[in-house]
DNA sequence: CCTTATCATTTGTATATACAAACATAAAAT
DNA sequence: ATTTTATGTTTGTATATACAAATGATAAGG
């Protein structure tokens, strides 16, 4: 059934969740090429762009909680794509050569994903959508 | 950090996910009063409004997968809020008296949630948002 | 009728995410 | 200098959701 036909079509809870699930699915299908989920890929890109970045900074950039970030990092470390070095209470994350070598493919995925949804939704409309979502998102409480 | 400040602010993947998480959180805080997650509550309301409804119909209404629906139903059955009767390959779901008695509280939560976000986002803007999201959602592939 | 295809539901397992508590360290206050 | 508070990170555990395979049952084709 289409969202516009659901009994709960007017409820923001449903709309936003259903939409996010669809976007997630589209994104996942693209990042499967590098055998990674979109979150992992974005985190890795952040680390490649800013070697030594700390988890707390990643938390802010990705808008996820600290525990989630730890878990994402753990997985990427297992895959030998990045390493953690801890000094005192601070942790620094660096990409490994293997991780760094993925950079071009990661960028290609970003581009492919962006093209995929702008093609489907229209260039105008999707960028307006993203802006509106962000604006509203900022109004909602943490 | 605000969504509008994230490095990935222009990516629909981030925006839609972050937004959905916030909406989910707001919704959860309200439905905690009836000790239920929003999904469980909406499912229960569906069953109360249409006793004997089948899982496949719920799937279409809630835009979730069959396995997720089974899991939601299981939990509500554990809580004695609904019952399943299976005949042949079809299953019918009925609310228990206990489940039915929750109806007014469930409605109150719906209302409270709607008021919460329309207050925050503005009446106009939130209803436009919901419509746009649904429209775009329908364009994305299953 | 028997076999095969189709449909509805469930089960096993996996992913993404979060909350709350635990740690570990650094900074501030007395 | 010792205690308190604050900060950054990790761990234990829980929730929501999904995919793929299994199950159970009806329907269709030979």
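Chains as they are written, first to last, in this note's numbering: chain A, 254 to 395; chain B, 254 to 395.
Where a beta carbon is used, it is the ideal one built from N, C-alpha and C, also for glycine.
Residue 344 of chain B is bridged by DSSP to B/339. Annotation: residue 318 of chain A to residue 341 of chain B spans about 46 Å, alpha carbon to alpha carbon.
Here residue 370 of chain B has 276, 279 and 379 as same chain residues with Cβ atoms under 8 Å from its own Cβ, once five neighbours each way along the sequence are excluded. Listed in chain order, the non-local C-beta contacts of residue 358 of chain B below 6 Å within the same chain comprise 287, local neighbours out to five positions each way being set aside. Secondary structure note for residue 324 of chain A: its alpha helix (DSSP H) is the uninterrupted segment 319 to 331. At a cut-off of 8 Å between beta carbons, residue 356 of chain A makes no contact with chain B.
Put simply, the backbone Cα of residue 323 of chain A is about 7 Å away from that of residue 308 of chain A.
The beta carbon of residue 283 of chain A lies closer than 6 Å to those of 362, 365 and 366 in the same chain, with the five residues before and after it left out. Taking all protein chains shown into account, residue 291 of chain B has 16 or more neighbouring C-beta atoms within 10 Å of its C-beta and is therefore buried.
Check the Cα spacing between residue 267 of chain B and each of A/314, A/268, A/335 and A/271: the tightest is with A/314. The beta carbons of residue 296 of chain B and residue 329 of chain B sit about 7 Å from each other, so the pair counts as a contact at 8 Å. Beta-bridge partners assigned by DSSP to residue 306 of chain B: B/346.
Ranking A/348, A/373 and A/353 by CA distance to the CA of residue 265 of chain B puts A/373 first.
Taking 8 Å as the CB threshold, residue 304 of chain B stays off the interface with chain A.
If you draw a straight line from the Cα of residue 346 of chain A to the Cα of residue 325 of chain A, it comes to about 12 Å.
The shortest CA-to-CA distance from residue 332 of chain B to any of B/312, B/316, B/339 and B/353 is the one to B/353. Excluding its 5 nearest sequence neighbours in each direction, residue 271 of chain A has C-beta neighbours in its own chain below 6 Å: 256, listed in chain order. For residue 377 of chain A, there are no neighbours in chain B by C-beta distance under 9 Å, as the nearest C-beta there is about 12 Å away. Residue 370 of chain B carries a helical assignment under DSSP once its states are collapsed to helix, strand and coil. Counting only Cβ-Cβ distances below 7 Å, residue 346 of chain B has no contacts in chain A at all, with the closest Cβ about 15 Å away.
For residue 389 of chain A, the enclosing alpha helix (DSSP H) covers residues 376 to 392.
Not flagged as an interface residue toward chain B: residue 361 of chain A, since no C-beta distance is shorter than 8 Å. Put simply, the CB of residue 382 of chain B is near chain A, with a gap under 8 Å to one of its CB atoms. Per the C-alpha coordinates, the member of B/390, B/385 and B/293 positioned closest to residue 327 of chain B is B/293.
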